[in-house]
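Q: If you read the sequence shown in the UniProt record's numbering, its first letter stands for residue 4, the second for the next number, and so on.
Below is the structure I would like to discuss, written out as C-alpha cells.
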Amino acid sequence: HVDTNKKRGVLIVIEGLDRSGKSTQAGALAARLAQSNVPAKLIKFPDRTTPIGKMIDAYLRSQSDLDDRAIHLLFSANRWELATSIERTLSEGTTIICDRYAFSGVVYSVSKGLPFSWCKSPDIGLPAPDLALFLDVSPEKARERGGYGEERYEKEEMQKRVRELFRKFVVREEDAEQRGDASKDDVTWVQIDAGRSLEDVKESIWREVQRVLEDAPRRPLRRLWV
Ligand code: FDM
Ligand code: MG
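Spelled out as C-alpha cells, the structure:
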C-alpha cells in the first residue's frame, strides 16, 4: 500500500558568489527546518568527497589543469552521480537544501567563454529545484567581508562576470514567468539582497521557504531544462 498522502520533500537551491554567505545561510536554514520538525538534509556542490569530486577539488586548488569543457562536464557528472539519491531522499519526504547547483555550473563556465546552451545541456534532466535563491552581494561588500580566498575562481574580475551572469539568468526567468512564457525554465527564482545583516537575510529566506513548503509538495518533482 502506497501512502499517497505522504508529502514529498522540497528541493531548495541556494546560489550566489563566494562571500555571499551562501553556506552560512544554507546551514542556518537546515537548522531552522529541523527546529520546525521539517525533515531536511543539507548537501553541497561540488561534492568534493567522491572520486569525481576529488578531481574537481584538485582543479580548483590549481593542483591540476583541465580543459574548460572537461572540468565543466566533471562538475555536471558530480551532480548526476548524486541525482538518484536526491530523488530518493525527496520522495521519502525529506527536504533538501543544496548549496550551489547547475546554475553555478552554467555561469562560471560561461564567464570563461563557453556558450550558454552548450553549458546547460549536460545538466538537462536533473531534478529541478522547487525554489532557487540567488544571494546577491556586491564586489565591494565581498571585499569588506575579507575578500576572496585562494581558489581558482576567487578573483575579483571573475566574480564580477559571474555576478552579472547570475543576475541576467535570474531576471530572464522572472520576466518569462511574468509573461507566462511557456518556454520558461520551470524554476522559481528569488533574488535576495545578501549585503544585509545575517538576520535580515535569514528572515527573507525563511519567508520564501515557508511559501514553497506549502505549495511544492502538491506538484510532482520537475526536471531541469527539459
Ligand atoms: N563551480 C561550482 C563551478 O564552476 N561549476 C559548478 O558546477 C559548481 C557547482 O566551483 F568557484 C565553482 C564555483 C566556485 C567553486 O565552489 C567552488 P565552493 O562553493 O566555493 O566550494
Ligand atoms: Mg568557494
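Backbone N, C-alpha and C define an ideal beta-carbon position, used for all residues, glycine too.
Just so you know, these numbers come straight off a predicted model, no measurement behind them.
Hey, out of Gly128, Pro54, Val113, Arg22, whose CA is closest to Ala86's CA?
A: By one-based count along the sequence shown, residue 86 stands at place 83. Closest option to Ala86, Cα to Cα, is Gly128.
Q: Which residues in the same chain have their Cβ closer than 8 Å to the Cβ of Asp71, if we skip the five residues on either side of it in sequence?
A: The residue labelled residue 71 in the question sits at position 68 within the sequence shown. Contacts found: Ser112, Lys115, Gly116, Leu117.
Q: Could you please give the first and the last residue of the uninterrupted alpha helix (DSSP H) stretch that includes Glu84?
A: Here the question's residue 84 lines up with position 81 in the sequence shown. From DSSP, the alpha helix (DSSP H) with Glu84 extends over 71-94.
Q: Assuming the contact rule is C-beta atoms closer than 8 Å, Ile100 and Leu45 should be a hit. Round their C-beta distance to whole Å, please.
A: In the sequence shown, counting from the first residue as 1, residue 100 sits at position 97. In the sequence shown, counting from the first residue as 1, residue 45 sits at position 42. With a Cβ gap of about 5 Å, Ile100 and Leu45 count as contacting.
Q: Please classify Thr98 as buried or exposed, where buried requires at least 16 neighbouring CB atoms within 10 angstroms.
A: Stepping through the sequence shown from its first residue, residue 98 is reached at position 95. Buried, since its Cβ has 16 or more Cβ neighbours within 10 Å.
Q: Is the beta carbon of Pro132 less than 7 Å from the beta carbon of Leu224?
A: In the sequence shown, the residue the question calls residue 132 occupies position 129. In the sequence shown, the residue the question calls residue 224 occupies position 221. No. Outside cutoff.
Q: Which residues mark the beginning and the end of the beta strand (DSSP E) in which Ala197 is found?
A: The residue labelled residue 197 in the question sits at position 194 within the sequence shown. Segment: none, Ala197 is in no beta strand (DSSP E) and carries neither H nor E.
Q: Could you check whether the Cβ of Asp60 sits closer than 6 Å to any heavy atom belonging to the ligand MG?
A: Looking up residue 60 in the sequence shown gives position 57. Checking the Cβ of Asp60 against the ligand MG gives no.
Q: So, at 7 Å on beta carbons, what are the nonlocal neighbours of Trp228 in its own chain, with the 5 sequence-adjacent residues on each side left out?
A: Residue mapping note: residue 228 aligns to position 225 of the sequence shown, counting from 1. Excluding sequence neighbours, Trp228 sits near Lys123, Asp126, Ile127, Asp188.
Q: Apart from the five residues just before and just after Asp196, which ones in its own chain have a Cβ nearer than 7 Å to its Cβ?
A: For this step, residue 196 is matched to residue 193 along the sequence shown. Only Asp139 meet the Cβ criterion.
Q: Taking all protein chains shown into account, decide if Lys9 is buried (16 or more other Cβ within 10 angstroms of its Cβ) or exposed.
A: Within the sequence shown, numbered from 1, the residue matching residue 9 stands at position 6. Classification of Lys9: exposed, given that the 10 Å Cβ count is below 16.
Q: Would residue 2 and Ser107 qualify as a contact pair, given that the criterion is a beta-carbon distance under 7 Å?
A: Residue 2 is absent from the model: the chain starts at 4 and stops at 229.
Q: Between Asn81 and the rest of its own chain, which residues show a CB-CB distance below 8 Å, the 5 nearest in sequence each way excluded?
A: The residue given as residue 81 occupies position 78 in the sequence shown. Taken in chain order, the residues that qualify are Phe48, Pro49, Asp50, Thr53, Ile55, Gly56, Ile59.
Q: Can you name, in chain order, every residue of its own chain whose Cβ lies under 8 Å from the Cβ of Asp102, other than the five neighbours on each side?
A: For this step, residue 102 is matched to residue 99 along the sequence shown. Excluding sequence neighbours, Asp102 sits near Ile17, Lys25, Ser26, Ala29, Leu45, Ile46, Lys47, Phe48.
Q: Just confirm the distance between the C-beta atoms of Lys158 and Tyr151, as a whole number of angstroms; I'd bet it's less than 8 Å.
A: As a working note, residue 158 is residue 155 in the sequence shown. As a working note, residue 151 is residue 148 in the sequence shown. That belief holds up - the Cβ atoms of Lys158 and Tyr151 are roughly 7 Å apart, short of 8 Å.
Q: Flag Asp21 as yes when its Cβ comes closer than 6 Å to any non-hydrogen atom of the ligand MG, and as no otherwise.
A: Within the sequence shown, numbered from 1, the residue matching residue 21 stands at position 18. Asp21 Cβ: within cutoff of the ligand MG.
Q: Please confirm whether Val110 and Val165 have their CB atoms less than 7 Å apart.
A: One-based indexing of the sequence shown puts residue 110 at position 107. One-based indexing of the sequence shown puts residue 165 at position 162. Cβ atoms of Val110 and Val165: closer than 7 Å.
Q: Which residues neighbour the ligand FDM when neighbourhood means a C-beta less than 6 Å away from any of its non-hydrogen atoms? List them by chain order.
A: For the ligand FDM, the selected residues are Asp21, Phe48, Pro49, Leu63, Phe78, Arg103, Ser107, Gly108, Tyr111, Tyr156.
Q: Figure out for me which residue from Val13, Ser23, Asp68, Arg22 has the closest Cα to the Cα of Pro42.
A: If you number the sequence shown from 1, residue 42 lands on position 39. Considering only alpha carbons, the answer is Val13.
Q: At which residues does the beta strand (DSSP E) containing Val16 begin and terminate?
A: As a working note, residue 16 is residue 13 in the sequence shown. Element bounds for Val16: 14-19.
Q: Who are Asp139's beta bridge partners in DSSP?
A: Here the question's residue 139 lines up with position 136 in the sequence shown. Answer is Asp196, bridged to Asp139.
Q: Since Leu136 and Ile208 should fall inside the 8 Å C-beta cutoff, what is the C-beta to C-beta distance between them, to a whole number of angstroms?
A: As a first step, residue 136 must be located in the sequence shown, where it is residue number 133. As a first step, residue 208 must be located in the sequence shown, where it is residue number 205. Indeed, because the Cβ distance is near 6 Å, the residues count as touching under 8 Å.
Q: To the nearest angstrom, how far is the alpha carbon of Phe172 from that of Arg91?
A: Here residue 172 corresponds to residue number 169 of the sequence shown, with the count starting at 1. Here residue 91 corresponds to residue number 88 of the sequence shown, with the count starting at 1. If I take the Cα positions, the gap works out to 29 Å.
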